[in-house]
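Numbering (the working numbering), first residue to last: 11 to 189. Beneath this line is the structure, given in structure tokens, with notes to follow.
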Amino acid sequence: MKNYPIIASITVDEQIAQAVASDVKRVILMTGNITNLSSIIDSLHLSGKQVYVHTEMVSGIGRDASAIQYLADVFRVDGIVTTKSNAVAAAKQAGLLSIQRIFAIDTAAVETAIRMITSCKPDEVELMPGLMPRVIEELKERISQPLIVGGLIRHEEEIQQALMSGADFVSIGHAKFWS
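Given below as structure tokens:
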């Protein structure tokens, strides 16, 4: 299996077919709702993709432990993306992988995020926005989890810079980077 450092961030339904046809191995699903989630996940799984559902972005999915268990049992998602520590704990309980999304808006936010990561121990961390080489380097030195960066990335050079700064993956919503 090819080690592909791009994760498709699917933000609108129209991107689903593009993701299915792409080379990416993983997707973060941030569109859809409880009524069409099953068909979306099935099509992505049939194309060999791992599907991580952003619990705060998909309509009709609660943000409590029961909702996370429902995603595992009914939709058979591979993992979740969340900004909530309690959702990370619920994912562990449900046997799902978790990506803790953090926002680096200032030094205090980064320090709080590191404490949260240390406490709840997500499987991976996603840093937003992904255009901060120094912050990527510093965060990578302080966490043990694989680091995903995303947000505001528009050019190949920005992807390369993020990876050279220590990011393990780049999540990106532009389909032109998915193959």
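All C-beta atoms in this analysis are idealised placements derived from N, C-alpha and C, irrespective of residue type, glycine included.
query: Would the beta-carbon of CYS130 fall within 7 Å of that of SER95?; result: yes
query: What does the Cβ neighbour count give for SER154, buried or exposed, with the cut at 16 atoms within 10 Å?; result: exposed
query: Using the Cβ count rule (16 or more neighbours within 10 Å means buried), how would you classify GLN110?; result: buried
query: Buried or exposed for THR41, going by 16 or more other Cβ atoms inside 10 Å?; result: buried
query: What three-state label does DSSP hand THR93 in the structure shown?; result: coil
query: Are the CB atoms of ALA114 and VAL145 nearer to each other than 7 Å?; result: yes
query: What residue range is occupied by the uninterrupted alpha helix (DSSP H) comprising HIS55?; result: 47-56
query: Can you tell me which of PRO143, GLY161 and ARG125 puts its alpha carbon nearest to the alpha carbon of GLU136?; result: GLY161
query: Using three-state DSSP, classify MET126 as helix, strand or coil.; result: helix
query: The beta strand (DSSP E) with ALA77 in it runs from where to where?; result: That residue, ALA77, is in no beta strand (DSSP E); its alpha helix (DSSP H) goes 75-80.
query: Would ILE16 and ALA29 be called neighbours here (beta carbons separated by less than 7 Å)?; result: no
query: Measuring alpha carbon to alpha carbon, tell me which residue in ASP88, LEU81, ASP74 and THR45 is nearest VAL61.; result: ASP88
query: Who are MET138's beta bridge partners in DSSP?; result: PHE113
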